[in-house]
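Participant:
Residue numbers (our numbering): 104 to 806.
1. Would you report the Cα separation of residue 616 and residue 745, rounded to the nearest angstrom?
2. On the DSSP letters alone, give me the boundaries of the alpha helix (DSSP H) that residue 203 sits inside.
3. Looking at the secondary structure, which residues open and close the alpha helix (DSSP H) in which residue 728 lies?
4. Using three-state DSSP, classify residue 457 as helix, strand or coil.
5. Output the distance between the C-alpha atoms of residue 578 and residue 584, rounded to the nearest integer angstrom.
6. Could you give the distance in angstroms between the alpha-carbon of residue 749 and the alpha-carbon of residue 600?
7. Say yes only if the C-beta of residue 119 is nearer than 6 Å to one or more non-hydrogen atoms of the ligand MG, and no if none qualify.
8. For residue 298, name the three-state secondary structure that DSSP assigns.
9. Taking the straight line between their C-alpha atoms, what separation do you get for residue 658 and residue 548?
10. From residue 580 to residue 546, what distance separates their C-alpha atoms?
11. Opposite residue 424 in the DSSP bridges: which residues?
12. Secondary structure at residue 492, three-state DSSP: helix, strand or coil?
13. Determine the contact status of residue 368 and residue 332, defining contact as a CB-CB distance below 7 Å.
14. How about residue 390 and residue 427: are their beta carbons less than 7 Å apart?
15. For the alpha helix (DSSP H) that residue 318 lies in, which residues bound it at each end?
16. Measuring CA to CA, which of 257, 670, 521, 294 is closest to residue 246?
17. Does residue 262 come out as helix, strand or coil in the three-state DSSP assignment?
18. Between residue 558 and residue 520, is the Cβ-Cβ spacing less than 7 Å?
19. Label residue 613 either buried or exposed according to how many other C-beta atoms from any shown protein chain fall within 10 Å of its C-beta, with 16 as the threshold for buried.
20. Considering only the alpha carbon of each residue, which of 348, 789, 417 lies closest to residue 742?
21. Could you name the residues of the same chain whose beta carbon sits closer than 6 Å to that of residue 455, not counting the 5 residues immediately before and after it, in chain order?
22. Taking the beta carbon of residue 760 as the centre, do at least 16 other beta carbons fall within 10 Å, making it buried, or is it exposed?
23. For my contact list, residue 479 and residue 516 are in at a C-beta cut-off of 8 Å; report their separation, rounded to the angstrom.
24. Where does residue 723 land, buried or exposed, given buried means 16+ other C-beta within 10 angstroms?
25. In chain order, what residues of the same chain have a beta carbon less than 8 Å from the beta carbon of residue 234, not counting five sequence neighbours either side?
26. Check for me: the alpha helix (DSSP H) holding residue 766 runs from which residue to which?
27. Helix, strand or coil, according to DSSP, for residue 648 in the structure here?
28. So, under 8 Å CB-CB, residue 801 and residue 772 are touching, yes? Tell me the CB distance rounded to an integer number of Å.
29. Determine the burial state of residue 250: buried for a count of at least 16 other Cβ atoms within 10 Å of its Cβ, exposed for fewer.
30. How close, in whole Å, do the beta carbons of residue 643 and residue 695 come, if the pair is a contact with beta carbons under 8 Å?
31. On a Cα-Cα basis, can you pick out the residue from 471, 639, 355 that is closest to residue 412?
32. Tell me whether residue 370 sits in a helix, a strand or coil according to DSSP, three-state version.
33. Compute the distance between the beta-carbons of residue 192 and residue 131, then report whether it is under 7 Å.
34. When the Cα of residue 398 is compared with those of 433, 416, 194, 419, which residue comes out closest?
35. To the nearest whole angstrom, what separates the beta carbons of residue 136 and residue 178, a pair I think is in contact under 8 Å?
36. Give every residue of the same chain whose Cβ lies closer than 7 Å to the Cβ of residue 675, excluding the five residues on either side of it in the sequence, and list them in chain order.
Set out below in structure tokens:
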């Protein structure tokens, strides 16, 4: 049988002659670099394990063998395929590679690193490749020990010092090698920050200052990876970053390199969100936000993929930042970017707006830009009505509908998030949303293959159902209620909450016919189960459903009585008004179900005499409502005073005797004095106004 030269080279690795082994390693290295087929061939020939054995050999073995072995492993891992990296990892290559960068302490630091420079370069290159592709199934903290972290910090310290002190650092062979070592080591640090504990270990080892020092060098690739490492170190983790460091990073947002500007913006966004800018958030508004908006117009697909997400992260949950985004025309620029990837066919070449290709196919990049642009618009329009108007005027809705109908789940989800933010505008719900006919596409998503998309679509329909009455009828007729009810019984918390929420919003100010249509599907038995759900948010929304069911005339309340049972309903009200929850420390706090329960009382007392008396006969309910006049939360006091306004209201159909009995009972409980105190001292105007009305009605009735 003929043995190929590739098989022969692997056999030579078993030789005891170092010269033959080195020759075989160089042949393998030259074969695999840039050649996918040869990499796969050598993997099948079992070369990876032999290379690991070389790396694990005693220190006195020639460095040249280890250098070649690390280089080959790096080349195999650099293929970017998970299978290749998994093979390297499962062959236990990571720890030997990390061990080769350990710095002995028996010699001067600079001298030691100079002697091992080529090995450190090859090993850090291989580790960067492995850590870049490795999956969560291979947690890095199992490999990277304290001694490895210490060596990473020392390597960064030496290489950063060399790069900023030596004038020939970027031209000499030694300088180029140090620049690559700095780049690879910073990349390793960047990918070892998955948890706060890992971030803290690296900071305490002293990696931050060398990374900042590298930013002052002239090595662009090392600068990029150092910025990425600083970004990872401060992600969701406050850090004592000096103002001088912030100023250095801010300068990179003004540079010529778009990738560097993007990384700097990402780093500063992470720092901003962790509160590192207590007195200089103005820098974020003046410098970083405009830089991000400008990046939206960069002609590089990869930049345009990432910039919208960084912008979204910067402005989400911040009215100040959303104001700044509005002033910087961020929404208009996002709309232009979205239009550029939505109008042309998937297989055509990039337009001038999208510029040179990024990573991956054109079709995938277009969809990713679409997804991220929709996420950014969702963030930009979350709070301010002016921002939502700006988005509508920029003709975003057709692209939102296109995203809802996308064949990619992530795009559908982003489109739903965007639609939900825009649908917070009552004015646009009644005009633009109806004109665009968004609802049918959203209803289809209730049947989506992705539960997350289903929940997101349900969330948008919650807003549509609440504010636009004709939408209630169309949702009932479209079969959406059946899906909402199905969601209300789901094991998925998000789906269940949104399903109950949607049912509640459809019932808001609905007529009795619509209420019956919904409850025929939900059933009162299921409603009672929701009222006692273990999730307090579910309980709260279920109580809101009851609140909406009893809103209206006497016949609405009678219908609920017949289906739930009068005593059962009053029992629920009584128990919820007295409900208290326990926090993690065992302390008591008011249940979130209190306000909706109070408004059940308010609605039951709004129009009919009989429900007022039914509630008044429950002494525990009356005493609870009265006691809540002194509650610390204004919204609770408002609801309690509303109940008193309705109890003391003199309606034409009310019995004078019943009214007098109610008012005398309230007087016995000291309500007049409590109302006087609220009128004179309460900080909330709504409470004072309601209290004044209740006090006047109560006084008139008992004179």
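Just so it is clear, CB atoms sit at the ideal spot from N, CA and C, and this is done for glycine as well.
Remember, it's a predicted structure, so these values are computed and weren't measured experimentally.
Facilitator: To lay it out plainly:
1. In the chain shown, the residue the question calls residue 616 occupies position 513. In the chain shown, the residue the question calls residue 745 occupies position 642. Answer to the nearest angstrom: the Cα atoms are 27 Å apart.
2. Position 100 of the chain shown, counted from the start, is the residue given in the question as residue 203. Taken as a continuous stretch (DSSP letters only), the alpha helix (DSSP H) holding residue 203 covers 197-203.
3. What you label residue 728 is simply residue 625 of the chain shown in a count that begins at 1. Residue 728 -> alpha helix (DSSP H) spans 722-730.
4. Numbered from 1 along the chain shown, position 354 holds the residue referred to as residue 457. Residue confidence for residue 457 is low, a pLDDT of 45 falling below 50, so the modelled location carries little weight; the figure read from the coordinates is stated next. If DSSP states are grouped into helix, strand and coil, residue 457 belongs with coil.
5. Residue 578 sits at position 475 when you count from the first residue of the chain shown. Residue 584 sits at position 481 when you count from the first residue of the chain shown. Answer to the nearest angstrom: the Cα atoms are 7 Å apart.
6. Taking the first residue of the chain shown as 1, we reach residue 749 at position 646. Taking the first residue of the chain shown as 1, we reach residue 600 at position 497. Using only the alpha carbons, I get a separation of about 31 Å.
7. Looking for the ligand MG in the displayed structure turns up nothing, as the structure carries no ligands at all.
8. Taking the first residue of the chain shown as position 1, residue 298 is located at position 195. Residue state, collapsed to three classes: coil.
9. Translated into the one-based positions of the chain shown, residue 658 becomes position 555. Translated into the one-based positions of the chain shown, residue 548 becomes position 445. Cα-Cα distance, rounded: 36 Å.
10. Along the chain shown, one-based indexing puts residue 580 at 477. Along the chain shown, one-based indexing puts residue 546 at 443. Near 11 Å, if we compare the C-alpha coordinates of residue 546 and residue 580.
11. As a working mapping, residue 424 is identified with position 321 in the chain shown. Bridge partners of residue 424: none, in fact.
12. Within the chain shown, the letter at position 389 stands for residue 492. Of the three classes helix, strand and coil, the one that applies to residue 492 here is helix, per DSSP.
13. Numbered from 1 along the chain shown, position 265 holds the residue referred to as residue 368. Numbered from 1 along the chain shown, position 229 holds the residue referred to as residue 332. No, these two residues do not count as a Cβ contact at 7 Å.
14. As a first step, residue 390 must be located in the chain shown, where it is residue number 287. As a first step, residue 427 must be located in the chain shown, where it is residue number 324. In this structure, residue 427 does not lie closer than 7 Å to residue 390 by Cβ.
15. For this step, residue 318 is matched to residue 215 along the chain shown. Element bounds for residue 318: n/a, residue is neither H nor E.
16. By one-based count along the chain shown, residue 246 stands at place 143. Measuring from the Cα of residue 246, the nearest candidate turns out to be 294.
17. Indexing the chain shown from 1 puts residue 262 at position 159. Correct three-state label for residue 262: helix.
18. Translated into positions along the chain shown, residue 558 becomes position 455. Translated into positions along the chain shown, residue 520 becomes position 417. Contact flag unset, no.
19. Here residue 613 is taken as the residue at index 510 of the chain shown, counted from 1. Buried.
20. As a first step, residue 742 is located in the chain shown; it is residue number 639 there, counting from the start. Taking only the C-alpha atoms, the option nearest residue 742 is 789.
21. As a first step, residue 455 must be located in the chain shown, where it is residue number 352. Residue placement at residue 455 is flagged as unreliable, the pLDDT there being 41, under the threshold of 50; the coordinate-derived value follows with that caveat. Nothing listed; no residue qualifies.
22. On the chain shown, position 657 is the one that residue 760 refers to. Per the 10 Å Cβ criterion, exposed.
23. Position 376 of the chain shown holds residue 479. Position 413 of the chain shown holds residue 516. The Cβ separation is near 14 Å, so there is no contact.
24. Within the chain shown, residue 723 is the residue found at index 620, counting from 1. Exposed, since its Cβ has fewer than 16 Cβ neighbours within 10 Å.
25. Within the chain shown, numbered from 1, the residue matching residue 234 stands at position 131. Hits under 8 Å: 243, 290, 291, 294, 295.
26. As a working note, residue 766 is residue 663 in the chain shown. Note, residue 766: alpha helix (DSSP H), 759-771.
27. As a first step, residue 648 must be located in the chain shown, where it is residue number 545. Three-state result, residue 648: helix.
28. Here residue 801 refers to the residue found at position 698 of the chain shown. Here residue 772 refers to the residue found at position 669 of the chain shown. In fact, because the Cβ distance is near 11 Å, the residues do not count as touching under 8 Å.
29. Numbered from its first residue, the chain shown carries residue 250 at position 147. The residue is exposed, with fewer than 16 neighbouring Cβ atoms inside 10 Å.
30. For the purposes of this step, residue 643 is taken as residue 540 along the chain shown, with counting starting at 1. For the purposes of this step, residue 695 is taken as residue 592 along the chain shown, with counting starting at 1. With a Cβ gap of about 5 Å, residue 643 and residue 695 count as contacting.
31. Within the chain shown, numbered from 1, the residue matching residue 412 stands at position 309. Minimum Cα distance to residue 412 is reached at 471.
32. What you label residue 370 is simply residue 267 of the chain shown in a count that begins at 1. If DSSP states are grouped into helix, strand and coil, residue 370 belongs with the helices.
33. Mapped onto the chain shown, residue 192 falls at position 89. Mapped onto the chain shown, residue 131 falls at position 28. It is not a contact, given that the beta carbons lie outside the stated cut-off.
34. As a working mapping, residue 398 is identified with position 295 in the chain shown. Among 433, 416, 194, 419, the Cα nearest to that of residue 398 belongs to 433.
35. As a working mapping, residue 136 is identified with position 33 in the chain shown. As a working mapping, residue 178 is identified with position 75 in the chain shown. At roughly 5 Å, the Cβ-Cβ gap stays under 8 Å, so residue 136 and residue 178 are in contact.
36. For the purposes of this step, residue 675 is identified with residue 572 of the chain shown, where counting begins at 1. Around residue 675: 634.
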